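A short worksheet on the structure shown next.
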Amino acid sequence: MNQREIEDRIQELKMEYIRAQDDLEKLESLGIDPSSADSRLTRIEAELSELRQKQQT
């Protein structure tokens, strides 16, 4: 993966993270178990961290 692809993927993940946060808030406000949205956020955070490490090298 080249630097441009990494940057593009980071931007995609940022947008996905925002959507996942909205989903999490909606689920919590409705009293529905938010664990699926929470795990989605965790996966996004992990991938972002991984990509940022690649970006620095």
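So the sequence shown is numbered by this note's numbering: it starts at 6 and just counts up by one. Backbone N, C-alpha and C fix where the C-beta goes; we use that ideal spot for every residue, glycine too. Keep in mind that this is a model prediction, so the values were computed, not measured.
Relative to leucine 18, the option among Ile37, Gly36, Arg57 whose CA is nearest is Arg57.
Residues of the same chain with a CB within less than 6 Å of the CB of glutamate 33, apart from the 5 flanking positions on each side, are Pro39 in chain order. Only buried fits alanine 42, as 16 or more other CB atoms lie within 10 angstroms of its CB.
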